[in-house]
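The structure appears below as structure tokens.
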Amino acid sequence: MKKYIYIILVSIITFSCTEDFLEESDRDKVIPKTVEDYSQLLYGEAYINDNSIASVVRYMTDDVTSKTGKKGWFGVTDKRESVAGYYNWQAEPEYNYSVGIAEDKNWGDLYHSILICNIVLDVADASDGSEAEKSQLKAEAYFVRAFDYFLLVNLFGEPYVNGAEMGVPINDLIGMEDVRFTRSTTGEVYTRIKSDLDKAIELFGKVNSKPTIFKGNLKASLLLASRVALYTKDWKSTIEYADDLLKISPTLKNLDKDYVNNEPFINRKNPEILYTYGYYYDGAFSQSATYFFTYSDEIDQLLSTDGDIRSRAFFKIVTGYYGSTSLAKSDVADETGAYGYAFRTAEAYLNRAEAYAEMKNISGCINDLNYLRANRFSKSADVSATTPEEALELARIERRTELCFEGHRWFDLRRQGCPRIEHKFMIDYKNVGMHEVYVLNENDAAYTLPLPLAVSEIETTMKNIKRPVRNHINK
Amino acid sequence: MKKKLVCGYPFRKNHSKWLMTMRLCLFFMLGLMFQVSAEVTAQNALVSVNMKDASLVELLIEFQKKTDLVYFYSVEDVEGITLSEVCFENTPVKDVLSYALIDTELYYEMKHNTVVLKKNKKLKIFKEQKKDEFLLKGIVTDNTGEPLPGVSVFIMNKFKGVATDINGKFEIKVKKGYKLLFTFVGMKGQTIVVKNQKTLKIVLKENKETLNDVVITGYQVIDKRELSSSVVTVNAEKLKEGGTVNVANMLQGKISGLSVLNETSTVGAAPKIRIRGISSISGNREPLWVVDGVILEAPVPLSSEELNSLDNVNLIGNAISSINPEDIDRIDVLKDASATAIYGVRAANGVIVITTKRGEIGDPKVKYSTSVTLSERPEYSQLNRMDSKERVEVSKEIQERGLAFRNNPASVAYEGLLYDYNAKRITYSEFLLKTKQLEEQNTDWFDELYRTSLSQKHGITFSGADKKVNYYFSGKYTDNNGTFKDNSLKQYNALAKVGMNLTKKLYVNVQLSASNSDKEYQHSSINPYAYAYNTSRAIASHNPDGSLSFYNQSQGAGIPLVFNIHNELEHSGKTIGRQYMSFNTSANYKLTKDIKIDGLFSYSKSTTKQEEWFDDKSYAASKLRMKPYGVEFPTYDENAPFYKTQCELPYGGLLTNNNTDNTSWTARGTVSYNKDFYDIHNVNIVVGSEMRSNHYEGLSTREYGYLPERGQNFSNIDLIKYPAHRQLIQSYPNSVTNNKTNIVSFFGIFTYAYDKRYIANFNVRADGSNRFGQDDSNKFLPVWSVSGRWNVSQEHFLEDFSWLNDLSIRASYGVQGNISSDQTPSLIVNLGSMDPNSGYYKSTLNKLPNPYLRWEKTKSYNSAMDFSILNGRISGSVDLYYKKGEDMIISKSVSPTTGSSNMDINAGNLENKGFDLTLNLVPIRTKDFSLNISMNGGKNINKVTKSGVTTDYNYSDYIDGSAVLPGYAINSFFSYKFGGLDENGLPTFKDIEEFKLGDQIFSEDGTPVLDEDGKPTYEKIALTKQEMYDKMFTYSGNRMADIVGGFSLSARYKGWSISGLFSYSLGAKMRLNDLYSNSGQYLPRPQQNMDDIFVNRWRKPGDENFTNIPVLTNNPMPVKDILGSNRDVEIAKNYWAMYNQSDLRVVSTDYLKLRNLTLKHYVSGDICKKMHVSAIDFRFEITNLFTIKDSALRGQDPQQMSFGGTGATPPTSTYTFGLNVTF
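So the protein lines, in turn, are chains F and E. According to our numbering, the residues represented by the first sequence are 1 to 475, in order. According to our numbering, the residues represented by the second sequence are 1 to 1223, in order.
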């Protein structure tokens, strides 16, 4: 009988091991439970800071032009291919002019970020953590989601006039589902953005945590709220949000005193940076090629005003064997300690100046502009205006100059009347005079991006922008 | 007690009830058995007696001494009964008693430990009823048909018997129901039950063939006549192949329903194996490998995409790579659900069970075996590549027609001479002379890179056994050299195996195996076969002075980067090393006569180290450095592009290390119960549980600045000075693998046999695992099967058909499930690293919740017939099967708007049907001469019946065969419809307009609107993507063959034997190697060789009527330019890719090849004796001697699974001489 008892004992021991044995044991994976877990997920998946987001917009603006350098040892190199479809406002900009597709990932990346924010907002209250931690997490998720929708509606929605235009879909999913969407109007999208931002501002106000420029915070939310108000022509709110922000954070970097040569303007030490995101790398701007893109003569001229230190801070002369000027406003994170793009206090002054001008408050506008210029010039460079129109024009020019290559210009063009733009496209490095000219007409349909191919392939019923086929005009 | 047991179940309460029931059953059964056994043991006590002319009383006294039994009898009854001979060994008391009492009027009763002998009055009457007796005549032969004289024929329990005469004949008086036992020295005994037959024909088989009458499933050894599932057995002798190292390769053409794909002569590459088609859409399709009852794990975890891709060559090796083929005794391939159910969810693709050798009873034997193999290198012959004259002619035409290259061509070959001439570095006459030299250059790249390789194997085994102990030790050294010069494999194997009968009831087996293999390959950036295939023969590898000749391959920073294949091979490489150790012990305890307990524990550990490197002299390093080796860097300037963005690796090379450790263990306990009731019912029950754990731990690192020639040092690189290097480091972070799979399983096998004629079987198994985030309600899901067998030939009505040796019918049905590892109701995140800028930790998404995902289910049906007639001269089996996979998981693209790009859904249904056929013929069989023909074949029709996601595929999925489409097999591919050449010699394609014609157009007055040619016009309606694809693509076929198999012919004359094994494959299609670059054809680069089919290219208008080879042009022909850019559906990038992927370039891969031809000689015993050895045999083998294939393949190997692109080196012929000496 003894041996049977042994056998039973062994069996019991074996079975009692099984619970531990079947315990999930991967060390690198977790099922998130705490606020901290979700916070790390939000930071890893919803914040966009390791890929370039909406960076193609610069090629559609009047700040960029095509140039040609010299032929390399091994023939002709062309850095423009992947973005030429945008530069030339093609019907399907993802196609480049030889063969292949440079996929537009903005739509997918932004909606992915939205999905993660939705998930986090859905579970934040039920996860383990203090109320303050939960509020901080939710506030960040609202902020990130608001910015996602803001970029989406400005990239893929029609230019805002009164809110009835075609916007982008609103995604309220909290998991994987195979569903199709329809577009909301721009008004509906902006309503969502504003409500998210108001919640973010309220929650950030509550938690009183120590903000960093790498995560959503109160100042950045106020700035974005002011920008959103400006975009929806709500001048009063623009001014109010800007006031709220500038009350707590009025400082600008004084270039005359603080500028260190060769230091990218967008860097961790710059006190006027409220929030940074995105990734700075731009192959098409690289000048070690036969054909490349660079800043336009217009923007060069705007920055060349006597005493304007921004020309040095935003661009730099490259002394290597290509010997030309290149864009140096930002750089990779290793160089700057910050991500490639930034929310800056300067924009609050510019938002407010433009709103004042729109509300016919000339002095309010000019004061803001001159305060900004006082921090940018090595000598007095005050501007003045006699009519609100003049003031508005000054505010817009200052905005274009100050915020160049930071992702604002294309959106500003869209809300400032979609003007006509011409782009030269170099086609022969041996003959710089020879080029093609592409024209973006006033109120052109191409002021809106079409659905990326990856989206239109599946979302076959979603409305799409009909962009005209665009051929160059010979000049 | 019960309470305690419940405490012993620490399972959470939400576990499935099913499991609970199963566990209770297990305990209940254990309890029951213990009770029974306590009583039974005494009665079953075994005794050995050897008495002559003893009285019954003496016998009983003897019994009393030897057992615990107490005997009661009346002295009067037993007096006078004597027994002529009582000779038993280890026989149950009751059997001996039964025997002793046969001719008496006594019978016995047993209760507990008491035996009572009584007189039976009726028995006397019964004894006299002899009228039922009749005379049975018969003949006994061996399996060659030779009559056997002197065979003992006993009537069991009666101790009457006769022996066969010189002609093998016998006569005996029997009654219906008697059991006859036939025994002969060296032969396997046989019993039959006497029915009404008057004559008998008995074939006795040799004892050593016993193994062939059973199948081994890894959990059980089953008598073949009781097997109701589909299992094919191959023994070691049939497996042997000279030059082959991996067992997996040896299976080709030997097992019906098993196909071996992806053969290459690259040493150490593991083939892909598919059993009965493809049973999964997204999951792993490889079978499970089991060695001596233990599942072997792959050395490195590979994703199912990598394993399933027909284009991926697995150099790391598979689970079985570490096993020495010489140690294998037999392989059993489990094919149907009934056979595989016992392995649970992982076995849906079939199971290959390997049993290693063990010592055989007899004197210790030492056997030495060796073989030497010569492998031929690949050659240009049949490959149809241009020679240098033809290639130079193409270059001349390019120049004459003034075709402009897109990028400046490299300064090499004819173009190089043109550069020199234009730059006035050479005169015109020099130019002409050198051109002539080029035309005669004809570099043989295959000779440069390949060799006729010599490989050898040495193995020694030491084995033997007596009644108590059996042992087998083996060691082996393999030195296998690839035909490619940088490819080799060195492997050491050792196996030690000892089995012991510790007591009469306890058998213990301990085995230890170890192996070490070191493989050398070229760096993975180099494909030597593609290089030889694609490189112009007008280029020299060496300069006239013997130094290496470099040419410009690409552009660096202001200077071209140069390349030479020999230099590249010398300064880069790849090694894969693997150590494997496994310890396996099992014990088998006979609790009672009917109940057996088995235990098994196995532990194995393997370490795989992959190392890949290149140094600073290599082209690979120069590409990162952007300067050729030895060129000075420009003066440092932080803003110079060279320093700022270009130079990614200023010094040294790169060393990539990828180490993976695999540790796994298995513990298993089974209880089996096997009992005959009333001689006619047999019940066999096996229940057990198993725990398995498998753990992969790995680290992959990249070390920059590697200087192997300077004592394997690393140079330190200034990260500030070289920001591009910093970025390079950051973009490939080191990564760690750490995953552990634990599985607990419960299983049961229930078999009932009636009179060995009707057999019914039920198998069930449930697995629970520690998979992350799984739904608890899904933790255990049973896999089960039912099967049955009818041994038709055992029926009484077939008794008179003596030519029919065996006829049986089998059928099985089973349900197997599989759950995707993606199924999770919870969100799972990967813990990431800290962001260096912000200092915040980043987690990334591992899996979004996908709670609706269900188990994949495969229902399998198998029905089969086995037969053997004319003394086994003709035997075979036919299996018909049908497998239906339901709810197969398919990864579906979802709208990016949802925030995800793909999700898994249960949308697919998959069907596999077909048959497996095996046939063996022995037309001649005498002592000295025999002829054997065996053939096997399997047809598999694979069809996706529902895919659910057809709209998601784009054109490239149709082209490369990855689209899973309803109505088509998995791996079906499609092609563009070639429409001939146009008047400019450019290709055209049919049905690529993006609209269909609708209603006819009428003008307002009702008259038809006509076009320029006066034909009616129709509305144009845009096509949807699906309509477009349906219209422009034509189905080209399946990359997997429908029918595969093999047949062998072998003849033996005395000590000589010759055999040929053919393998064949029918029904698969492939694409020819690309003629053009798929990214758009520019002119062939000067270093590029071309297919000599270009010689017949279009040259002048009118040629389009004779040739399909387009004109030489630099027109990239983008689809966008030809058809307009505003099309809604993308159909291709350019016309050149379409040409490569058109129906014109599809060929059949049907082949028949002589896979192996072996001549073997067993040296006769007399000569062996003189040489003081016990046996010698030697053999000569040729593999891949010839292949009959479609001439349209233009020299391509039909088994090379490359699709368009040139793949790995195809198999070549090998010649092996082998010798085995047994001392």
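By construction, the Cβ of each residue, glycine as well, lies at the ideal position given by its N, Cα and C atoms.
### Query
Is residue 1022 of chain E helix, strand or coil by DSSP?
Note: residue 1022 of chain E maps to strand in three-state DSSP.
### Message
Between the alpha carbons of residue 153 of chain F and residue 453 of chain F, how many angstroms are there, rounded?
### Response
So the two alpha carbons sit approximately 18 Å from each other.
#### Entry: Distance, residue 466 of chain F Cα to residue 426 of chain F Cα
Cα to Cα, residue 426 of chain F sits roughly 27 Å from residue 466 of chain F.
### Task
Starting from residue 1118 of chain E, follow its DSSP beta bridges and name the residues at the other end.
E:1134.
### Whole-angstrom distance between residue 178 of chain F and residue 459 of chain F, CA atom to CA atom
Going by the C-alpha atoms only, they are around 11 Å apart.
### Message
Three Cβ pairs or more, each shorter than 8 Å: is that satisfied between the segment 1047 to 1059 of chain E and the segment 1141 to 1153 of chain E?
### Response
As far as the Cβ criterion goes, the segment 1047 to 1059 of chain E does not touch the segment 1141 to 1153 of chain E, which means the pair count is below three.
### Close beta carbons around residue 31 of chain E, own chain, < 7 Å, minus the five adjacent residues each side
Residue placement at residue 31 of chain E is flagged as unreliable, the pLDDT there being 40, under the threshold of 50; a coordinate-derived value is accordingly withheld.
#### Entry: Range covered by the beta strand (DSSP E) that runs through residue 491 of chain E
Looking at the DSSP string, the run of the beta strand (DSSP E) that includes residue 491 of chain E is 488 to 501.
### Task
Look at the Cβ atom of residue 282 of chain E, then the Cβ atom of residue 889 of chain E, and state whether they are nearer than 8 Å.
Their beta carbons are under 8 Å apart, which means residue 282 of chain E touches residue 889 of chain E by this criterion.
### Query
chain F beta carbons: is any one of them nearer than 8 Å to that of residue 666 of chain E?
Chain F, which has no Cβ nearer than 8 Å to the Cβ of residue 666 of chain E, makes this no.
### Task
On a CA-only basis, which of E:1004, E:452, E:924 and E:475 is nearest residue 463 of chain E? Give me that one, please.
Looking at the Cα atoms, E:475 is the closest of the given residues.
### Chain-ordered chain E contacts of residue 171 of chain F [CB-CB under 7 Å]
By Cβ distance, chain E contributes 897, 898 and 899.
### Query
Just to confirm, are residue 368 of chain F and residue 352 of chain F a CB contact at a threshold of 8 Å?
Taking 8 Å as the cut-off, the Cβ atoms of residue 368 of chain F and residue 352 of chain F count as close.
### Query
Going along the chain, which residues of the segment 810 to 839 of chain E sit with their C-beta nearer than 7 Å to a C-beta in chain F?
From the segment 810 to 839 of chain E, only 826, 827, 828, 829, 830, 831, 832, 837 and 838 have a Cβ closer than 7 Å to chain F.
### Under 7 Å by beta carbon: chain E residues contacting residue 337 of chain F
By Cβ distance, chain E contributes 837.
### Expected contact under 8 Å - CB spacing of residue 284 of chain F and residue 83 of chain F to nearest Å
Taking 8 Å as the upper bound for CB-CB distance, residue 284 of chain F and residue 83 of chain F are in contact here, some 5 Å apart.
### Task
Quick one: grab the DSSP three-state call for residue 609 of chain E.
Secondary structure of residue 609 of chain E (DSSP, three-state): strand.
### Message
Only counting the same chain, and skipping five residues up and downstream in sequence, which positions put a Cβ closer than 6 Å to that of residue 361 of chain E?
### Response
Same-chain partners within the cutoff: 465.
### Task
Kindly indicate which three-state DSSP category residue 459 of chain F falls into: helix, strand or coil?
Note: residue 459 of chain F maps to coil in three-state DSSP.
### Query
How about residue 765 of chain E and residue 745 of chain E: do their beta carbons lie closer than 8 Å?
Judged by beta-carbon spacing, residue 745 of chain E lies within the 8 Å limit of residue 765 of chain E, meaning their Cβ atoms are closer than that value.
### Message
Suppose you measure from the CA of residue 1019 of chain E to the CA of residue 1031 of chain E; what does that come to, to the nearest Å?
### Response
About 18 Å.
### Message
Closest to residue 532 of chain E by C-alpha separation, out of E:550, E:577 and E:385, would be which residue?
### Response
The shortest C-alpha to C-alpha distance from residue 532 of chain E to any of E:550, E:577 and E:385 is the one to E:385.
### Query
Are the C-beta of residue 704 of chain E and some C-beta of chain F separated by less than 8 Å?
So, not an interface residue.
### Query
Listing by chain order, which chain E residues have their CB less than 7 Å from the CB of residue 429 of chain F?
Result: empty, since nearest Cβ-Cβ is about 13 Å, beyond 7 Å.
### Any C-beta of chain F under 8 Å from that of residue 917 of chain E
Chain F, which has no Cβ nearer than 8 Å to the Cβ of residue 917 of chain E, makes this no.
### Contact residues within the segment 845 to 878 of chain E, judged by C-beta distance below 7 Å to chain F
Along the segment 845 to 878 of chain E, the positions whose C-beta sits under 7 Å from a C-beta of chain F are 845, 846, 848, 849 and 850, read in chain order.
### Unbroken stretches of the alpha helix (DSSP H), 4 residues or longer, contained in the segment 327 to 413 of chain E
Under the rule that a run must span 4 or more residues, the alpha helix (DSSP H) segments found entirely inside the segment 327 to 413 of chain E read 337 to 340 and 388 to 400.
### Query
Under the three-state reduction of DSSP, which class applies to residue 578 of chain E: helix, strand or coil?
Residue state, collapsed to three classes: strand.
### Query
In its own chain, which residues sit with a C-beta less than 7 Å from the C-beta of residue 236 of chain E, not counting the 5 before and 5 after it?
Result list for residue 236 of chain E: 328, 329 and 330, in chain order.
### Task
Just tell me which of E:926, E:959 and E:843 has its CA closest to the CA of residue 833 of chain E.
Taking only the C-alpha atoms, the option nearest residue 833 of chain E is E:843.
### Message
Which same chain residues end up closer than 6 Å to residue 163 of chain E when comparing Cβ atoms and leaving out the 5 residues on each side of it in sequence?
### Response
For residue 163 of chain E, where only same-chain residues beyond five positions count, the Cβ hits under 6 Å are 150 and 152.
### Task
Give me the Cα-Cα distance between residue 629 of chain E and residue 568 of chain E, rounded to the nearest whole angstrom.
Roughly 12 Å between the two C-alpha positions.
### Per-residue burial, residue 1021 of chain E [other beta carbons within 10 Å of its own, 16 or more giving buried]
Counting Cβ neighbours within 10 Å, residue 1021 of chain E comes out exposed, since fewer than 16 surround it.
### Short CB-CB distance (under 8 Å) between residue 144 of chain F and chain E
Not an interface residue.
### Query
Candidates E:1091, E:1161 and E:939: which alpha carbon is nearest residue 1194 of chain E's?
Of the candidates E:1091, E:1161 and E:939, the residue whose Cα lies closest to the Cα of residue 1194 of chain E is E:1091.
### Message
Measuring alpha carbon to alpha carbon, tell me which residue in E:859, E:318 and E:136 is nearest residue 279 of chain E.
### Response
Residue E:859 is the option with its Cα nearest to residue 279 of chain E.
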